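As they're listed, the protein sequences go chains A and B.
Counting from 2, one number per residue, gives the positions in the first sequence under our numbering.
Counting from 2, one number per residue, gives the positions in the second sequence under our numbering.
Every residue gets a Cβ at the ideal spot worked out from N, C-alpha and C, and that includes glycine.
Everything numeric in this text was worked out from a predicted model, so none of it was measured.
Number of protein chains: 2
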Amino acid sequence: MTKNKWIDVTAPLVNGMVVWTNDIKVQIERRVSMDRGDLVNNSTISMGAHTGTHMDAPLHFIAKGKSIDQVPFDAIIGPTRVIEIKDKVSIKADDLKPYNIKRGERILFKTRNSPASWQNKNFAEDFVFITKGAAQLLAYTKVALVGVDYLSVGSPVDPEKGMKDVHEILLGAEIWLIEGLNLTDVKPGNYNLICLPLKLMNAEGSPVRAVLQRIP
Amino acid sequence: MTKNKWIDVTAPLVNGMVVWTNDIKVQIERRVSMDRGDLVNNSTISMGAHTGTHMDAPLHFIAKGKSIDQVPFDAIIGPTRVIEIKDKVSIKADDLKPYNIKRGERILFKTRNSPASWQNKNFAEDFVFITKGAAQLLAYTKVALVGVDYLSVGSPVDPEKGMKDVHEILLGAEIWLIEGLNLTDVKPGNYNLICLPLKLMNAEGSPVRAVLQRIP
């Protein structure tokens with residue numbers, strides 16, 4: 002590990018934050034409160050497993066797929082590449098070809114979603130997504146991990162093609178997914194990644210904390 | 002970072018797991034389910050912020066203390082020492098003196114709590130705790146982080162002395178706390194630690210994922 006500082010690429014978890022259209026709202030409540038005369042502060046948390054910056058395990062879309070507690074630490078701790086995609090609509094196979102992406106790599110895509118979409122309090126349906134072709138290229142290459150900077154790898158505009166196919170291609174190839182990164186403060190290049198989900202047994206996803214450290 | 006494997010020292014989060022006596026129960030529910038004919042699996046999570054392996058921020062016991070989103074990454078990522086305490090009742094100042102603990106260190110205590118207490122489905126009130134004297138020594142030394150292997154640094158057997166004082170001494174010195182580690186598979190010695198809480202804004206604690214990597 003170098004001595005460079007860790008950059009937090011995690012969306013803050015707060016009541017009222019944007020969530021996927023039909024997901025439950027985030028509720029963080031101080032059940033016990035010193036302001037109300039209690040001895041301590043003690044909060045409860047309630048949210049969907051795919052809230053804010055989170056991971057999808059294969060089980061999200063693959064009936065017998067691995068669950069989030071089975072993620073290998075090798076997939077989520079180690080060198081990663083942040084690739085900037087300037088296309089304002091989608092991440093296409095042709096966009097990826099110049100980068101010579103290799104088997105086992107951890108790849109994070111920075112798009113116009115960071116920061117624009119995260120500043121929007123409402124769900125932004127028109128975020129930059131991964132196309133079916135790009136998903137197939139990443140699956141064929143057998144990368145270890147893919148990260149995107151809004152709430153899904155696929156687009157909800159065309160649910161069958163955008164959501165189902167793209168998730169199935171990536172998760173079916175056992176590529177672990179980080180969704181909802183905020184890469185606003187991160188330049189394209191090489192980093193050390195740490196992304197740790199909660200140890201939610203037999204769950205198909207989890208909120209995570211994710212940090213990057215520039216590799217000089 | 003060495004190439005040694007990461008050891009998971011996090012308690013599994015499951016329905017029915019042991020929680021602090023008066024805390025809310027863990028609920029992980031598959032709200033949307035492929036077994037029931039839905040397109041995907043999608044879970045909701047509900048739990049106390051101090052469930053399983055978790056961190057306490059100063060705000061847990063200190064009215065104007067820092068919240069968990071303010072934890073510096075330097076406190077929770079980096080070299081750490083696992084110290085084994087053989088005392089079956091408590092961690093005392095005298096137990097610590099041979100270890101020459103230094104300012105800024107990250108210290109994890111392994112006791113008989115790992116694994117005995119975690120195997121008990123009911124809350125184990127008689128866990129090995131940190132005494133007021135040991136807390137004062139750690140605060141005076143100004144360590145960065147202290148981790149223990151059951152649900153609290155202090156004992157509930159004597160709530161005022163055991164819980165309030167020990168938390169106030171440690172959190173008042175802005176020592177960040179990990180509680181609920183499972184150190185069963187960890188020998189005493191030197192490790193790299195990564196312990197990441199969720200980014201729960203203005204909360205006094207958070208469940209975490211914590212891993213160790215042996216330093217040769």
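**Request:** Determine the DSSP secondary structure at Y192/B, reduced to helix, strand or coil.
**Result:** Counted from its first residue, the second sequence places residue 192/B at position 191. The answer is strand: DSSP assigns Y192/B an E or B state.
Name the DSSP beta bridge partners of A211/A, please?
-> Within the first sequence, residue 211/A is the residue found at index 210, counting from 1. Answer by DSSP bridge pairing, in chain order: C196/A.
So which residues on chain B does M48/A lean against when the C-beta distance must stay under 9 Å? Counted from its first residue, the first sequence places residue 48/A at position 47. Going along chain B in sequence order, the residues near M48/A (Cβ under 9 Å) are T45, I46, S47.
Note the first and the last residue of the continuous beta strand (DSSP E) segment covering V81/B.
Within the second sequence, the letter at position 80 stands for residue 81/B. The sequence given here places Thr at residue 81/B; Val does not occur at that position. Element bounds for T81/B: 78 to 85.
**E169/B, enclosing alpha helix (DSSP H) - first and last residue** = Looking up residue 169/B in the second sequence gives position 168. Run containing E169/B: 167 to 173, per the alpha helix (DSSP H) assignment.
Inset, instruction - Please report the Cβ distance between I218/B and T142/B, rounded to the nearest whole angstrom; I am assuming they are in contact, meaning their Cβ atoms lie under 8 Å. - result: The structure shown does not extend to residue 218/B, since chain B spans only 2 to 217, so no value can be given for it.
Contact set between E165/B and chain A, taken where Cβ atoms lie within less than 7 Å = Here residue 165/B refers to the residue found at position 164 when the second sequence is read from its first residue. According to the sequence displayed, residue 165/B carries Lys and not Glu. Residues of chain A passing the Cβ test: L40.
Rounded to whole angstroms, what's the CA-CA distance from A211/B to K93/B? Just pull it up for me.
-> Indexing the second sequence from 1 puts residue 211/B at position 210. Indexing the second sequence from 1 puts residue 93/B at position 92. Roughly 25 Å between the two C-alpha positions.
Complete beta strand (DSSP E) runs within the region 23 to 65 of chain B (minimum length 3 residues, chain order):
28 to 33, 43 to 49, 55 to 57
Members of the region 49 to 62 of chain A that neighbour chain B once the beta carbon cut-off is set at 7 Å: G49, A50, H51, L60, H61, F62
Check your understanding: Which class does D159/B belong to by DSSP, given the choice of helix, strand or coil?
Key -> Along the second sequence, read from residue 1 onward, the residue named residue 159/B stands at position 158. Coil at D159/B, not helix or strand.
Between the Cα of Y151/A and those of N114/A, L199/A, E30/A, spot the shortest distance and give me the residue it belongs to. Translated into the one-based positions of the first sequence, residue 151/A becomes position 150. Among N114/A, L199/A, E30/A, the Cα nearest to that of Y151/A is on N114/A.
| said: Just to confirm my understanding: we take W119/B, look at its own chain, exclude 5 residues before and 5 after, and list those with CB closer than 7 Å. What are they? | reply: Stepping through the second sequence from its first residue, residue 119/B is reached at position 118. Excluding residues within five positions, the ones whose Cβ falls inside 7 Å are A12, N183.
Q.
Does the region 41 to 52 of chain A come into contact with the region 17 to 29 of chain A, if we say contact requires no fewer than three beta-carbon pairs (one atom in each stretch) closer than 8 Å?
A. yes
Report task. For I176/B, name the three-state secondary structure that DSSP assigns. Result -> Locating residue 176/B in the second sequence gives position 175, counting from the first residue. In the structure shown, I176/B sits in coil (DSSP, three-state: anything other than H, G, I, E or B).
(message) In this structure, how does DSSP classify G17/A when only helix, strand and coil are distinguished?
(response) In the first sequence, residue 17/A corresponds to position 16, counting from 1. Here G17/A sits in coil by DSSP.
query = When you compare only the Cα positions, how much space is there between D70/A and P157/A?
reply = Mapped onto the first sequence, residue 70/A falls at position 69. Mapped onto the first sequence, residue 157/A falls at position 156. Their backbone Cα atoms lie some 27 Å apart in a straight line.
### Message
With three or more C-beta pairs closer than 8 Å as the rule, is the region 190 to 206 of chain A touching the region 38 to 46 of chain A?
### Response
no
message = At 4 residues or longer, what runs of the alpha helix (DSSP H) sit wholly inside the region 110 to 145 of chain A?
response = 114 to 120, 133 to 142
Practice task
Kindly list, in the order they appear in chain B, the residues whose Cβ is closer than 7 Å to that of F74/A.
Solution key: In the first sequence, residue 74/A corresponds to position 73, counting from 1. Those within 7 Å of F74/A in chain B are W7, V212.
In three-state DSSP terms, what is D186/A? What you label residue 186/A is simply residue 185 of the first sequence in a count that begins at 1. Three-state DSSP puts D186/A in coil, outside helix and strand.
If you reduce the DSSP assignment to three classes, tell me which class D9/B lands in. On the second sequence, residue 9/B is found 8 positions in, with the first residue counted as 1. Strand at D9/B.
> Out of L194/A, D186/A, N193/A, G181/A, which has the shortest C-alpha to C-alpha gap to G206/A?
Replying inline: For the purposes of this step, residue 206/A is taken as the residue at position 205 of the first sequence. Ranking L194/A, D186/A, N193/A, G181/A by Cα distance to G206/A puts G181/A first.
**Study point:** Test: T11/A CB closer than 8 Å to a CB of chain B
**Key:** Your numbering for residue 11/A matches position 10 in the first sequence. Yes - at least one Cβ of chain B is within 8 Å of the one on T11/A.
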